[in-house]
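Participant: Below: one structure in structure tokens.
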Amino acid sequence: MSVDAARNTMTSMSIRVPRASPLFFDGILAVALIAVGLISLAEAGPGPTAEFSRSPDVWNVLLVVLMTAPVVMRRRYPVAVLTLVSLAWVVERLAEYPATLGIWSIPLALHAVGSEVEAKRSGRVAGAAIAGLVAFTALGAVTESVPWSTVILMAAFTIIPYILGREIHERRRRTAELEQRANEAEHRREQEARRAVRAERQRIARELHDIVAHDMTVMTVQASAARRLLRQDPERATTALEAVEAAGHEALQEMRRLLDVLRPQAADTARTPQPGLTRLDDLVRQMQDAGLEVEVAVEGEPAPLPAGVDLNVYRIIQESLTNALKHGGPRTKARVVLRYHASAMEVEVTDDGRGAAVGLAGNGSSGRGILGMRERAALLHGDIAVGPRPGGGYRVKTSIPLAAT
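So the sequence shown is residues 962 to 1366, counted in the numbering used here.
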């Protein structure tokens, strides 16, 4: 394996690192809180001091666990967790046990209430909890068991985590709305693209139907003439039958191409004669009158094309020049090259405009035009390349086989 191939292989390989679930993260957080709570309890030591009246005991340990362990479920049951840890802390204070670092479970629970509960219920629950905790702390300040600064700290200790949780909740909501809008927009674009493809296929089918209908009419008229002349003028009858054969062969080729298109039933509309490369000069003059300088070059020996190829090649050139005129900017120059080969017809339309810079292949009418060109090329079993030119400008190149497929 070459160095470049190995590098490409390594680049294409993606290492997926599994993301820890919120429950796993909260489990680690709960274990850490239990540990620091028990450590702070052990550091308080046995026997009452000026800071607490009751010595740590098994009930104190149980309160620390009840205050910290529920954090593991704070996202799944945020209201219940907030209630439990708040009550455990209040009981610890009322029992005059030593204060521990397990109190940090309260802001974590309030943060979960803010981030996981819908707005109205979240506000009611958090408001009641914060008011109760601050009032309980203020009661201690009134009895002079704690300073008033502790009341202020308790207010900040509870309000700030809840506000941060609400911000996360709102951010998630806005992100979900943006994702929903993006999905809806993508769905609309896909629907528009499908409608454009169906409309273009229907239009192509109508055009090919006109061609086949014309050939069948010729065959009917020539066959009728041959029947009348068969005895009186055998030579003219033979000529008529040859015309029937040629028209039938051409109609058969067009019918084979027509089978590739699903043509829904549609109401008859007024139709004009279908254009072809014989009207290319008129198209060039029309574009030049509109301000697009167009040069036409022919390579190879020009030969009559099947009607379907002639029509769709003309349409591809027309759409390419229209895009150059619409998106190329002022003083844009376009060049059309027709290459006649024995087995294929090749067309290349280039321009030196700014169509590639403004996103010619994006959404909009030009994008639908490009979809139409691709459908025309696919209908005729050909291929097409559409995109920016290396030196600037835009290029449309298509090759359509002339042999029956």
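Ideal Cβ positions, reconstructed from N, Cα and C, are used throughout, including at glycine.
Just mark residue 1166 as buried or exposed, buried being the case when its beta carbon has 16 or more other beta carbons within 10 Å.
Facilitator: Residue numbering aside, residue 1166 sits at position 205 when the sequence shown is read from its first letter. Classification for residue 1166: buried.
Participant: Just to confirm, does residue 1055 get its C-beta within under 7 Å of one of the non-hydrogen atoms of the ligand SAH?
Facilitator: Ligands in the displayed structure: none, and consequently the ligand SAH is not present.
Participant: So, is residue 1109 buried or exposed, given that buried needs 16 or more other C-beta atoms within 10 angstroms?
Facilitator: Residue numbering aside, residue 1109 sits at position 148 when the sequence shown is read from its first letter. Under this definition residue 1109 is an exposed residue.
Participant: Cα-Cα, which of 1351, 986, 1307 and 1237 is closest to residue 1260?
Facilitator: Residue 1260 sits at position 299 when you count from the first residue of the sequence shown. Nearest option by C-alpha distance: 1307.
Participant: Have a look at the DSSP bridge pairing and note the partners of residue 1440.
Facilitator: Summary: the structure shown does not reach residue 1440, with the chain confined to residues 962 through 1366, and so no result is reported for it.
Participant: Within the stretch 1246 to 1327, note down every full beta strand (DSSP E) run reaching 3 residues or more, in order along the chain.
Facilitator: Segments of the beta strand (DSSP E) lying fully in the stretch 1246 to 1327: 1254 to 1260, 1294 to 1301 and 1305 to 1312.
Participant: Is the Cβ-Cβ distance between residue 1201 and residue 1212 less than 8 Å?
Facilitator: Locating residue 1201 in the sequence shown gives position 240, counting from the first residue. Locating residue 1212 in the sequence shown gives position 251, counting from the first residue. Against a cut-off of 8 Å, the Cβ pair of residue 1212 and residue 1201 comes out as no contact.
Participant: Buried or exposed for residue 1199, going by 16 or more other Cβ atoms inside 10 Å?
Facilitator: Here residue 1199 refers to the residue found at position 238 of the sequence shown. Classification of residue 1199: exposed, given that the 10 Å Cβ count is below 16.
Participant: Assess contact between the stretch 1052 to 1060 and the stretch 1084 to 1092, defined as three or more Cβ pairs (one per stretch) separated by less than 8 Å. Is contact present?
Facilitator: Contact between the stretch 1052 to 1060 and the stretch 1084 to 1092 is absent, because fewer than three Cβ pairs lie under 8 Å.
Participant: So, helix, strand or coil for residue 1059, using DSSP?
Facilitator: Your numbering for residue 1059 matches position 98 in the sequence shown. The answer is coil: DSSP assigns residue 1059 none of H, G, I, E or B.
Participant: Please return the same chain residues whose Cβ sits closer than 8 Å to the Cβ of residue 1033, not counting the five positions on each side in sequence.
Facilitator: Here residue 1033 refers to the residue found at position 72 of the sequence shown. For residue 1033, where only same-chain residues beyond five positions count, the Cβ hits under 8 Å are 984, 987, 988, 990 and 991.
Participant: Exposed or buried, what is residue 1343 when buried is set at 16 or more other beta-carbons lying within 10 Å of its beta-carbon?
Facilitator: Along the sequence shown, read from residue 1 onward, the residue named residue 1343 stands at position 382. So residue 1343 counts as buried.
Participant: Taking the DSSP output, what are the residues bridged to residue 1362?
Facilitator: Taking the first residue of the sequence shown as 1, we reach residue 1362 at position 401. Residue 1362 is bridged to 1305.
Participant: In terms of residue numbering, what span does the alpha helix (DSSP H) encompassing residue 1069 cover?
Facilitator: Within the sequence shown, residue 1069 is the residue found at index 108, counting from 1. Looking at the DSSP string, the run of the alpha helix (DSSP H) that includes residue 1069 is 1066 to 1077.
Participant: Identify whether residue 1141 lies in helix, strand or coil by the three-state DSSP scheme.
Facilitator: Your numbering for residue 1141 matches position 180 in the sequence shown. Correct three-state label for residue 1141: helix.
Participant: Reducing DSSP to helix, strand and coil, say where residue 1367 ends up.
Facilitator: Examination of residue 1367 is not possible in this model, given that the chain is present from 962 through 1366 alone.
Participant: Report yes if the CB atom of residue 1040 is closer than 8 Å to the CB atom of residue 1078, and no otherwise.
Facilitator: Counted from its first residue, the sequence shown places residue 1040 at position 79. Counted from its first residue, the sequence shown places residue 1078 at position 117. Closer than 8 Å, so yes.
Participant: At the level of alpha carbons, what is the spacing between residue 1262 and residue 1299?
Facilitator: Along the sequence shown, read from residue 1 onward, the residue named residue 1262 stands at position 301. Along the sequence shown, read from residue 1 onward, the residue named residue 1299 stands at position 338. Straight-line Cα distance between these residues: approximately 10 Å.
Participant: Answer with buried or exposed for residue 1047, where buried requires no fewer than 16 other C-beta atoms within 10 angstroms of its C-beta.
Facilitator: Here residue 1047 refers to the residue found at position 86 when the sequence shown is read from its first residue. Classification for residue 1047: buried.
Participant: Checking 8 Å against the spacing of the C-beta atoms, do residue 1049 and residue 1027 come in under that value?
Facilitator: Along the sequence shown, one-based indexing puts residue 1049 at 88. Along the sequence shown, one-based indexing puts residue 1027 at 66. Their beta carbons are under 8 Å apart, which means residue 1049 touches residue 1027 by this criterion.
Participant: What is the rounded straight-line gap between the Cα of residue 1286 and the Cα of residue 1129?
Facilitator: On the sequence shown, residue 1286 is found 325 positions in, with the first residue counted as 1. On the sequence shown, residue 1129 is found 168 positions in, with the first residue counted as 1. Roughly 50 Å separates the two Cα atoms.
Participant: Given a cut-off of 8 Å on the beta-carbon distance, is the pair residue 1205 and residue 1180 in contact?
Facilitator: Start at 1 with the first residue of the sequence shown, and residue 1205 comes out as number 244. Start at 1 with the first residue of the sequence shown, and residue 1180 comes out as number 219. Yes. Within cutoff.
Participant: Looking at C-alpha atoms only, which residue of 1131, 1145, 1156 and 1066 is the closest neighbour of residue 1333?
Facilitator: On the sequence shown, residue 1333 is found 372 positions in, with the first residue counted as 1. Per the Cα distances, 1156.
Participant: Assuming residue 1345 and residue 1335 form a contact by the criterion Cβ under 8 Å, report the distance between their Cβ atoms to the nearest whole angstrom.
Facilitator: Against the sequence shown, residue 1345 aligns to sequence position 384. Against the sequence shown, residue 1335 aligns to sequence position 374. Indeed they touch by this definition, with Cβ atoms about 6 Å apart.
Participant: Would you grab the beta carbon distance between residue 1297 and residue 1278 for me? Rounded to a whole angstrom, and I think it's under 8 Å.
Facilitator: As a position in the sequence shown, residue 1297 is number 336, starting the count at 1. As a position in the sequence shown, residue 1278 is number 317, starting the count at 1. So it is a contact: roughly 6 Å between Cβ atoms.
Participant: Given a cut-off of 8 Å on the beta-carbon distance, is the pair residue 1253 and residue 1282 in contact?
Facilitator: Taking the first residue of the sequence shown as position 1, residue 1253 is located at position 292. Taking the first residue of the sequence shown as position 1, residue 1282 is located at position 321. In contact: residue 1253 and residue 1282 (Cβ atoms closer than 8 Å).
Participant: Tell me which residue opens and which closes the alpha helix (DSSP H) that residue 1025 is part of.
Facilitator: Position 64 of the sequence shown, counted from the first residue, corresponds to residue 1025. Run containing residue 1025: 1019 to 1029, per the alpha helix (DSSP H) assignment.
Participant: Thinking C-alpha only, which one of 1315, 1064 and 1280 is nearest residue 1294?
Facilitator: Stepping through the sequence shown from its first residue, residue 1294 is reached at position 333. Checked all of 1315, 1064 and 1280; the closest Cα to residue 1294 is 1315.
Participant: Compute the Euclidean distance between the alpha carbons of residue 1044 and residue 1137, then round it to the nearest angstrom.
Facilitator: Against the sequence shown, residue 1044 aligns to sequence position 83. Against the sequence shown, residue 1137 aligns to sequence position 176. Answer to the nearest angstrom: the Cα atoms are 29 Å apart.
Participant: Just how far apart, CA to CA, sit residue 1153 and residue 1184?
Facilitator: Here residue 1153 corresponds to residue number 192 of the sequence shown, with the count starting at 1. Here residue 1184 corresponds to residue number 223 of the sequence shown, with the count starting at 1. Going from the Cα of residue 1153 to the Cα of residue 1184 covers about 46 Å.
Participant: Determine the closest residue to residue 1258 out of 1241, 1147 and 1018, with distance taken between C-alpha atoms.
Facilitator: What you label residue 1258 is simply residue 297 of the sequence shown in a count that begins at 1. Closest option to residue 1258, Cα to Cα, is 1241.
Participant: Can you tell me whether DSSP reads residue 1130 as helix, strand or coil?
Facilitator: Residue numbering aside, residue 1130 sits at position 169 when the sequence shown is read from its first letter. Residue 1130 falls in the helix class under three-state DSSP.
Participant: Relative to the C-alpha of residue 1309, which candidate in 1256, 1303 and 1135 has its C-alpha closest?
Facilitator: By one-based count along the sequence shown, residue 1309 stands at place 348. Among 1256, 1303 and 1135, the Cα nearest to that of residue 1309 is on 1256.
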